[in-house]
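Heads up: the structure comes next, in structure tokens.
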Amino acid sequence: MMKADRTELSLIGVAIAVAIAAQFSPNWLVFTLTLAISTGLVVMGVVMLMRAGLVSFGQGLFYCLGGYAVGLGGRFLGITDALVLIGLGVVATVAIAMILGLLVTRYREIFFAMLSLAFSMILYGILVKSHGLGSTDGFGVVDWTLLWFDSKTGDSANMALMLAIALALLIALFLNRYFKSSIGLACEAIRENEVRVEYMGISRQQTLYINYVIAAAIGSVGGSMTALAAGHVDPTMAYWTISGEFVFIAILGGTGHVAAPFIAALIFTLVRTYAIELAPNAWQMILGIVLLLIILFLPKGIWSLFTRKKGAAS
Amino acid sequence: MLTVWAILIDGFIYASWLFLVAAGLTVIYGVMRILNMAHGSLYALGAYAAASALGWYYADGGDQLWMAFAIIAVCAVAIGAVTGLAIERGLLRIMYGRDEILMLIITFAVLLILEDVMKLVWGTTPYFAYQPYAAMGRINIDVLTVSRYDLMVLVVSIVIGVGLWFWLERTRIGKILRSIIHDREVSKAMGVNVGRMFTITFMIGATLGAIAGGITAPIISVVPGIGIEVIVLAFAVVVTGGLGSITGAAIGAIIVGLARATSIHTMPELELFIIYAVMAAVLVFRPHGLFGQAVARKI
Amino acid sequence: MTEILKTEGLSRYFGAVTAAENINVTITEGEIVGVIGSNGAGKTTFINMVTGYLPPSKGSISFDGKPIKGLGPRKLMRKGLTRSFQIPQLFLELPVIDNLSIALAAAEHKQFQMLRPVHTPERLKAAEEILEQMHITEYRDEMVTAMPQGARKLLDIAIAMLGKPRMLLLDEPTSGVSMEEKYTLMDTVMEAVRARGLTVLFVEHDMEIVQRYVTRVLAFASGVVIKDGPVDEVLADEKVQELVTGKQHKPTASGGDA
């Protein structure tokens with residue numbers, strides 16, 4: 001095994017620090033953090049695709065699948081163990097992503113965006129019309145357990161956060177390696193110049209396919225965690241505007257560092273909580289204006305503020 | 315057999331509405347290579363403008379149907395043209411030459427902004443302007459009844475479709491636009507003022523969107539979010555038919571319209587998903603849509 | 614000497630237009646061949662067919678005795694046939710060292726490793742070696758966008774040389790490069806070529822470059838090869854002068870040994 005590098009040590013350090021700080025934090029903050037981390041995971045999937053040059057307006061598909069897997073597993077299969085539920089979500093999502101990926105990764109630009117949007121809306125359409133699943137209202141997630149913990153009796157907000165931190169840390173550590181690995185660089189190479197990639201002997205299709213399926217799985221984990229924390233799932237998880245939010249957060253954070261999506265998701269979640277309270281009819285406008293400003297002035301996301309290199313062209 | 319007639323009538327009426335909504339979107343893409351997500355907002359702006367103006371008119375005691383249509387037309391064209399001009403000149407102009415997907419995201423930002431602008435201007439309570447719709451009544455086709463207003467929308471849609479075709483094929487400006495569609499660099503080299511053509515095109519596309527919204531105002535309750543719902547339908551239609559093609563938008567609208575009508579009359583649970591399923595299915599076999607020209611697939 | 618590339622009756626039509634017709638060429642290992650011809654004469658079509666970018670309409674191609682017609686660039690690279698590009702095809706927003714490392718990982722068939730880093734000590738060493746040979750070590754950690762055109766061409770060619778290819782096709786290696794730099798660029802490239810024992814085919818417009826670096830020339834005009842032979846013979850040929858070079862040829866003393 002490789003030596004852990006500085007990034008990995010910082011990630012572990014931050015995770016531990018947050019976990020400890022959470023013990024002394026008010027419930028609303030704990031809940032917000034859990035939501036932010038879960039959202040960050042979903043956004044991570046969008047970022048993985050962006051590194052390969054693809055923008056998905058349909059990440060909500062996997063987010064929703066992960067959420068509904070938790071909901072359905074608990075309600076209809078009687079499963080309560082959180083990790084099993086999350087695993088269920090991942091399995092279902094990977095199965096679907098492996099099928100869709102064969103088609104979707106052959107497209108680029110607008111068409112990839114539209115196709116991913118379409119599949120997400122297909123799920124939305126199915127769920128809205130399923131009366132057995134509560135149609136537009138969705139349904140509540142039953143109490144869950146984790147090892148010795150039972151959400152009926154224990155501090156479920158705290159436990160949800162611990163679980164989220166643990167999962168996010170593992171995934172972040174994996175992705176830190178992934179982004180620096182051959183396939184991670186191959187994805188960036190595809191973004192930069194597909195012709196050259198072919199002439200190097202790399203299969204673009206295989207590279208993008210693997211990347212797509214992993215991004216889907218991670219999105220699913222984010223959706224499952226959201227369901228566990230919020231206690232509710234509904235079809236809007238697959239509506240295209242939610243995917244649009246994920247794209248916004250991905251752009252806000254940038255693709256430069258594995259921690260960026262989590263930080264951006266935290267900023268987003270915090271601002272949204274306040275904005276919805278203070279100016280509910282201006283929240284979308286704020287999103288839109290910030291998005292334009294980032295595209296105009298900070299195209300590499302706010303992370304680029306911390307990593308401006310002198311002299312290197314960017 | 316009755317069902318078949320119902321499907322055909324409903325399907326074509328819905329298709330005509332879809333075409334109205336999608337026409338402006340596809341024209342803008344064809345000339346400027348921008349998939350304008352804010353088109354949904356233009357639709358909503360047209361609906362709000364028409365609904366509020368009609369509201370004043372009828373509250374003032376007005377009752378002339380032709381006047382109502384005039385109001386719809388004037389409001390829609392005015393708000394569409396002005397907003398279109400503002401967006402194109404104020405924002406898009408600075409961003410030209412960027413990636414298509416980035417332009418899509420930029421128009422997404424505009425959509426978000428305009429959604430809230432509408433909330434701030436018109437509030438969140440629904441607007442109703444059903445008077446023209448009700449005044450036109452219904453007619454019977456055999457045992458089915460159809461609203462005359464819906465038939466009028468069908469006619470307007472055909473007129474606009476033919477008008478667009480004529481404008482692109484027969485007028486001077488249309489020919490210039492087709493040359494830009496074909497090859498932007500070459501037409502620039504031949505002296506075409508591409509910048510001005512872009513502005514004109516965007517304004518026309520935006521106006522078409524607003525007109526679609528204005529005409530629809532008497533049929534629906536005008537509330538926040540109608541733009542967001544409509545834009546995904548418009549996407550489904552233009553992507554199915556082929557981005558940039560008016561014929562494509564028409565055929566795409568017909569296919570989606572009939573598919574939806576079929577679903578409603580036979581398997582209503584599929585109604586929402588059938589539209590996107592059709593779009594995905596078409597893209598599998600024709601990666602750039604039925605009449606599209608752009609290169610969509612890389613492999 | 615082994616035959617490395619052989620085309621028979623290779624042709625390509627675009628509707629009514631004949632881009633290339635009946636190209637019969639045999640190249641033996643170790644040759645340095647120049648391909649000349651005016652624009653539209655068929656040289657790029659020929660290169661694109663041989664490198665799997667364009668499917669031929671008729672005819673056959675074999676590499677190392679095995680047929681390769683219809684194979685895409687990926688498979689050809691595995692067989693040892695690579696190319697550089699007239700406009701350098703690089704990963705602009707990635708550092709130069711990354712451009713090379715990913716090429717090395719791909720050549721080793723290790724492009725799908727998810728947990729091993731791309732920058733292994735062996736790959737870094739190989740990358741630094743070729744950066745040295747191309748004299749572009751100073752750009753190692755820079756983004757490609759920071760490189761001037763000449764350096765980019767060298768990087769483009771360097772990438773094509775990684776992974777131990779047998780034959781290299783260079784598409785106008787000196788185009789876009791200033792007059793002063795052309796010779797240094799070609800000297801650098803040919804040194805690296807010789808160090809690796811590569812067979813090279815290159816498209817070139819500058820006859821002085823052609824004279825200096827090749828032993829054999831293929832002259833194209835209107836889609837066919839009008840002359841194929843030693844450099845002095847081809848450049849002195851009347852038809853070649855009429856259709857391609859447009860000038861008198863003065864044979865050099867060494868006739869192509871640079």
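Chain order of the listed sequences is A, B and C.
When we follow this note's numbering, the leftmost residue of the first sequence carries the number 1, and every step to the right adds one.
When we follow this note's numbering, the leftmost residue of the second sequence carries the number 315, and every step to the right adds one.
When we follow this note's numbering, the leftmost residue of the third sequence carries the number 614, and every step to the right adds one.
Cβ atoms here follow ideal geometry from the backbone N, Cα and C, with glycine treated the same way.
*Give a yes or no on whether 9 Å exceeds the smallest Cβ distance from C:E785 to chain A.*
no
_If I follow the unbroken alpha helix (DSSP H) through C:S714, where does it start and stop?_
709-720
*So the beta strand (DSSP E) C:T631 belongs to, where does it begin and stop?*
630-641
_With H, G and I counted as helix, E and B as strand and the rest as coil, what does DSSP make of A:N281?_
coil
*Listing by chain order, which chain E residues have their CB less than 7 Å from the CB of A:G201?*
Absence of chain E from the displayed structure is noted, the protein chains being A, B and C.
_Whether A:V128 touches B:L334 by CB criterion (9 Å)_ = no
*Tell me whether C:T658 sits in a helix, a strand or coil according to DSSP, three-state version.*
helix
*Express the C-alpha separation of A:F111 and B:M417 in angstroms, rounding to a whole number.*
13 Å
*Is A:L35 helix, strand or coil by DSSP?*
helix
*Could you give the residue range of the beta strand (DSSP E) that holds B:S461?*
458-461
*A:G45 and A:F246: beta carbons closer than 9 Å?*
yes
*Using 9 Å as the limit for Cβ to Cβ distance, is A:R177 near chain C?*
yes
*From the DSSP output, read off the bridge partner residues of C:A832.*
C:I649, C:K840
*With a threshold of 16 other CB atoms inside 10 Å of the CB of C:P786, please say whether the residue is buried or exposed.*
buried
*Give me whichever residues DSSP pairs with B:G477 in a beta bridge.*
Per DSSP, none; premise fails for B:G477.
*Note down, one range per segment and in chain order, each beta strand (DSSP E) of at least 3 residues found wholly within the stretch 223-272 of chain A.*
none
*Using a Cβ cut-off of 7 Å, which residues of the stretch 481-511 of chain B contact any Cβ in chain A, in chain order?*
none
_At the level of alpha carbons, what is the spacing between A:G60 and B:I589?_
18 Å
*Please report the Cβ distance between A:S224 and A:A69, rounded to the nearest whole angstrom; I am assuming they are in contact, meaning their Cβ atoms lie under 8 Å.*
6 Å
*When the distance is taken between beta carbons, is A:L292 closer than 9 Å to B:V424?*
yes
*Measuring CA to CA, which of A:N211, A:F248, A:I263 is closest to A:V18?*
A:I263
_Neighbourhood of B:L617 by C-beta, 6 Å cutoff - its chain only, sequence neighbours within 5 removed_ = The structure shown does not extend to residue 617 of chain B, since chain B is modelled only from 315 to 613, so the question has no answer here.
*asked:* Let me check understanding here. Comparing Cα to Cα, which of C:L798, C:D841, C:E855, C:T615 lies closest to C:P761?
replied: C:L798
*Whole angstroms is fine: what's the gap from A:L296's alpha carbon to B:T580's?*
49 Å
*Got a sec: is the Cβ-Cβ distance from A:E188 to anything in chain C below 9 Å?*
yes
*Of all the residues that make up the stretch 27-58 of chain A, which are near chain B by a beta-carbon distance shorter than 8 Å?*
V55
_Cα-Cα separation, C:R910 to C:L684_ = With chain C running from 614 to 871 in the structure shown, residue 910 of chain C is simply not present.
_Contact set between C:E741 and chain A, taken where Cβ atoms lie within less than 7 Å_ = In chain order: nothing, as chain A lies at least about 17 Å away.
*In the DSSP assignment, find the alpha helix (DSSP H) that holds B:L350 and state where it starts and stops.*
Residue identity check: residue 350 of chain B is Asn in the sequence provided, not Leu. Element bounds for B:N350: n/a, residue is neither H nor E.
*asked:* Can you tell me which residues form a DSSP beta bridge with C:K619?
replied: C:T639, C:S675
*Alpha carbon to alpha carbon, what distance is there between C:L781 and B:D430?*
59 Å
*Spatial neighbours of A:A312 in its chain, beta-carbon cut-off 8 Å, leaving aside the 5 residues before and after*: Reliability of the predicted coordinates at A:A312 is poor, the pLDDT of 36 falling under 50, and the value obtained from them is presented with this limitation in mind. Nothing listed; no residue qualifies.
*Counting Cβ pairs, one atom from each stretch, are 3 or more of them under 8 Å apart for the stretch 189-202 of chain A and the stretch 709-724 of chain C?*
yes
*When B:M409, B:F442, B:A400 are compared against B:A361, the one with the closest alpha-carbon*: B:F442
*Short check: CB of C:G655 to CB of C:S835, under 9 Å?*
yes
*State the CB to CB distance for the pair B:S535 and B:W436, rounded to an integer number of angstroms; the pair is presumed to be in contact (CB under 8 Å).*
Contact flag wrong, Cβ pair sits at about 12 Å.
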